[in-house]
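Protein chains in written order, with this note's numbering: chain L, 1 to 254; chain H, 255 to 508.
These notes are about the structure you will find just below.
There are 2 protein chains.
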Amino acid sequence: MRIVLLGTGNLATQLGLALLAKNAEVVQVYGRNLSGTATLANLMGCPWTTDKSQIIQDAELYILAVTEEAIPLILRDAPIRNHLLVHTSGSVQMDILAAFSDNFGVFYPLQTLSAHKTVDFSQVPICVEANNGKNLEKLSLLAHTISEQVFTVNSVQRRELHLAAVFVCNFVNHLYTIGEKLLQEQQLDFRLLKPLILETANKAMAFSPATVQTGPAIRGNQNILDLHLKMLEQHPKWQKIYELISLDIQHFHS
Amino acid sequence: MRIVLLGTGNLATQLGLALLAKNAEVVQVYGRNLSGTATLANLMGCPWTTDKSQIIQDAELYILAVTEEAIPLILRDAPIRNHLLVHTSGSVQMDILAAFSDNFGVFYPLQTLSAHKTVDFSQVPICVEANNGKNLEKLSLLAHTISEQVFTVNSVQRRELHLAAVFVCNFVNHLYTIGEKLLQEQQLDFRLLKPLILETANKAMAFSPATVQTGPAIRGNQNILDLHLKMLEQHPKWQKIYELISLDIQHFHS
């Protein structure tokens, strides 16, 4: 399958590398930023362009790996014709692609990607969706070449997945950040918290999180809750987050 | 070192087993609940009592592994004399033990413990504190027999650690719970989120969390934030949590 990658960010890069490692044929990289586009094309060992009119017109799959807002900007006037076009976004409905091709779908890897760290794609769930069975089969086959976990997920489910991912990844990482900052204020090393962070995540691999909740809120230990709220007086935003989540733990488990 | 365990919960059990595995001499278990006390003593292969007056008076270390609120209840009229007495709590100041012995300290394992899962104590940070250098050395030595990570931490630092632990463990687990419930509403399996949960935790092992924050809030993607808030209309408490954490991410990183 001859693939054109549209986009040059973390997702385009890591997805491109995962495809390349499985001998997928990435025939071109298109991007808006010259040096980013050249860099990724160099990694892929393929031609590149920053001129939309120069996008190869006879590829079999066009993977749009850009932020939600950039999707319509990239697609406007792009010569995709009726070849299979997919986006890679959690919260964008598949149907917005109908204006640009008769063959379209979604190829959504559910993972957090950053430039710092290469992800093992074989364990990344890939959620596929397509406008018909034939296209769905093509996307599933491609997804299976790079991942052991491929799921057919519709647009409504996918946006729910994305929302849940914000809670368990983006918000969780921010709570790690708060923990790190609180420790710094007492000259304590963040590594003290690392075994706890790992154990908490590992527990969620084996048990329903609702069944293994611990801590002062679920124990109803008001003395500790009051002490912690008092300790957070210098951080009113964190105090509010502490209060809200503690109340929600108590409400959820009551 | 002849040790008496006061308490029979998850911490008493897992700490007792970790000590036993290193050939520590647990000579008695005291608890208030007969069957719980007998069960733990059976695991330890030692005598037990639920009668405070029968607590062995010539042990070298008394480990109080009970909830914060139970500490004064257990210690009142307990015949500890002036042997070394420690509690195991994150948020209780060491000095409250001064009323019960001239030799006291804290032995605080920073980990989440539940009946479901045995923890590898060798990787659990143990925070020790004592009323004098000799007692601190005793506790450090004991801690080193069961863990590779032993830290001397004072009471002010320890309560900050406990507060940070609530954020990175208890609150994180509640966010996992919210993610699980959101998926259930769309008939999606929680295992879809597991690679993301693990990757997020693993990333915190290698990087400062503040430097690897991702997601719509830090990207300033208002369309997605608005969509997510709308999707959470049926869950006003989760909507409020979403809003507060998103705002704090933007505030923190601005």
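We put the CB at the ideal spot given by N, CA and C, even for glycine.
Spatial distance of residue i from residue j (CA atoms)
i	j	result
H/ALA292	H/HIS337	24 Å
H/SER355	H/LEU315	11 Å
H/ASN389	H/HIS341	13 Å
L/LEU183	H/LEU415	7 Å
L/ARG76	L/HIS253	49 Å
L/LEU196	L/ALA99	49 Å
L/LEU20	H/GLN403	42 Å
L/GLY36	L/LEU192	38 Å
L/GLN14	H/LEU498	31 Å
H/LEU271	H/MET298	7 Å
L/GLN186	L/LEU227	16 Å
H/ASN427	H/ALA455	12 Å
H/LEU396	H/GLU453	34 Å
L/VAL92	H/ASN296	58 Å
H/THR321	H/GLY344	10 Å
L/PRO79	L/LYS52	8 Å
H/LEU265	H/PHE375	11 Å
H/GLN377	H/PHE361	15 Å
L/GLU69	L/ASN170	19 Å
H/ALA384	H/ASP349	9 Å
H/LEU429	L/LEU175	10 Å
L/LYS194	H/VAL422	9 Å
H/LEU288	L/GLN222	27 Å
L/THR211	L/PRO72	43 Å
H/MET255	H/LEU393	11 Å
L/ILE322	L/GLY9	Here chain L comprises residues numbered 1 to 254, so residue 322 of chain L is not present and cannot be evaluated.
L/CYS127	L/LEU188	41 Å
L/LYS237	H/GLU487	22 Å
L/HIS235	L/PHE207	33 Å
H/MET459	H/VAL407	22 Å
L/GLY215	H/GLY469	27 Å
Buried/exposed call for residue i, threshold 16 Cβ in 10 Å
i	result
H/HIS370	exposed
H/ARG431	According to the sequence provided, residue 431 of chain H is Thr. The question's Arg does not apply to it. With 16 or more other Cβ atoms within 10 Å, it is buried.
L/GLN157	buried
H/GLU391	exposed
L/LEU163	buried
L/ASN132	exposed
L/GLN213	buried
H/ALA278	buried
L/ALA165	buried
H/MET485	buried
Close Cβ partners of residue i (< 8 Å) along its chain, the five nearest in sequence each way excluded
i	result
L/PRO125	PRO109, LEU110, GLN111, SER147, GLN149, VAL150, PHE151
H/ARG335	GLN311, SER355
H/GLN282	VAL258, LEU259, ALA295, CYS300, PRO301, TRP302, THR303, ILE309, ILE310, ALA313
L/LEU229	GLN239, TYR242, GLU243
L/PRO297	Nothing about residue 297 of chain L can be read from this structure; chain L reaches only from 1 to 254.
Residues near residue i by beta carbon distance below 7 Å, same chain, minus five either side
i	result
H/GLY471	The sequence given here places Ala at residue 471 of chain H; Gly does not occur at that position. Contacts found: LEU479, SER500, ILE503, GLN504.
H/VAL373	GLN268, GLN365, LEU367
H/PHE444	GLU434, LEU437
L/GLY7	GLY31, LEU64, ALA65, VAL66
H/VAL280	ILE257, LEU259, GLY270, LEU273, LEU274, MET298, CYS300
H/LEU351	LEU339, HIS341, PHE358
H/SER409	GLN347, MET348, GLU383
H/ARG413	GLY344, SER345
Neighbourhood of residue i by C-beta, 6 Å cutoff - its chain only, sequence neighbours within 5 removed
i	result
H/LYS276	THR399, ILE400
H/ARG473	none
Practice prompt. Closer than 7 Å, Cβ to Cβ, to anything on chain L: give me those residues from the region 366 to 400 of chain H, in chain order.
Written response: THR366, SER368, HIS370, LYS371, VAL373, GLN377, VAL378, PRO379
Worksheet item: Which runs of the alpha helix (DSSP H), 4 residues or longer, sit entirely within the region 353 to 403 of chain H?
Response: Scanning the region 353 to 403 of chain H from its first residue to its last, the whole alpha helix (DSSP H) runs of 4-plus residues come out as 387 to 400.
Worksheet item: Where are the beta strand (DSSP E) runs, 3 residues long or more, that stay fully inside the region 434 to 485 of chain H, in chain order?
Response: none
Item to complete: For the region 33 to 49 of chain L, enumerate the residues whose C-beta is nearer than 9 Å to any C-beta of chain H, in chain order.
Response: none
Worksheet item: Of the residues that make up the region 401 to 414 of chain H, which ones have a beta carbon closer than 8 Å to any beta carbon in chain L?
Response: Residues passing the 8 Å Cβ filter: GLN403, PHE405, VAL407, VAL410, GLN411, ARG413, GLU414.
Worksheet entry | Interface residues of the region 16 to 31 of chain L facing chain H [CB-CB below 7 Å] | Those residues of the region 16 to 31 of chain L that come within reach of chain H (Cβ to Cβ, closer than 7 Å) do not exist; the list is empty.
Worksheet item: Can you list the alpha helix (DSSP H) stretches of 4 or more residues lying completely in the region 259 to 307 of chain H, in chain order?
Response: 264 to 275, 288 to 298
Discussion item. Give me the subset of the region 195 to 211 of chain L whose CB atoms are less than 9 Å from a CB atom of chain H, sorted by chain position.
Written reply: Listed by position along the chain: PRO195, LEU196, ILE197, LEU198, GLU199, THR200, ALA201, ASN202, LYS203, ALA204, MET205, ALA206, PHE207, SER208, PRO209, ALA210, THR211.
Discussion item. Counting only Cβ-Cβ distances shorter than 9 Å, please list the residues of the region 326 to 341 of chain H near chain L, keeping chain order.
Written reply: none
Worksheet item: What are the residues of the region 346 to 358 of chain H that lie near chain L, defined by any Cβ-Cβ distance shorter than 8 Å?
Response: none
Fill in: the region 2 to 14 of chain L: positions lying closer than 7 Å to chain H by Cβ
Cβ contacts with chain H: none found.
Worksheet entry | Near-chain L residues of the region 432 to 445 of chain H (beta-carbon distance less than 9 Å), N- to C-terminal order | Residues of the region 432 to 445 of chain H whose Cβ lies closer than 9 Å to any Cβ of chain L, in chain order: ILE432, GLY433, GLU434, LYS435, LEU436, LEU437, GLU439, GLN440, GLN441, LEU442, ASP443, PHE444, ARG445.
Fill in: Positions along the region 482 to 503 of chain H whose CB lies within less than 9 Å of some CB in chain L
Under the 9 Å Cβ criterion, the region 482 to 503 of chain H contributes HIS482, MET485, LEU486, LYS491, TRP492, LYS494, ILE495, TYR496, LEU498, ILE499, SER500, LEU501, ASP502, ILE503.
Fill in: Proximal residues, the region 415 to 432 of chain H versus chain L, C-beta separation under 9 Å
LEU415, HIS416, LEU417, ALA418, ALA419, VAL420, PHE421, VAL422, CYS423, ASN424, PHE425, VAL426, ASN427, HIS428, LEU429, TYR430, THR431, ILE432
Item to complete: Report the residue ranges of all alpha helix (DSSP H) runs contained in full by the region 483 to 508 of chain H; include only those spanning at least 4 residues, in chain order.
Response: 490 to 506
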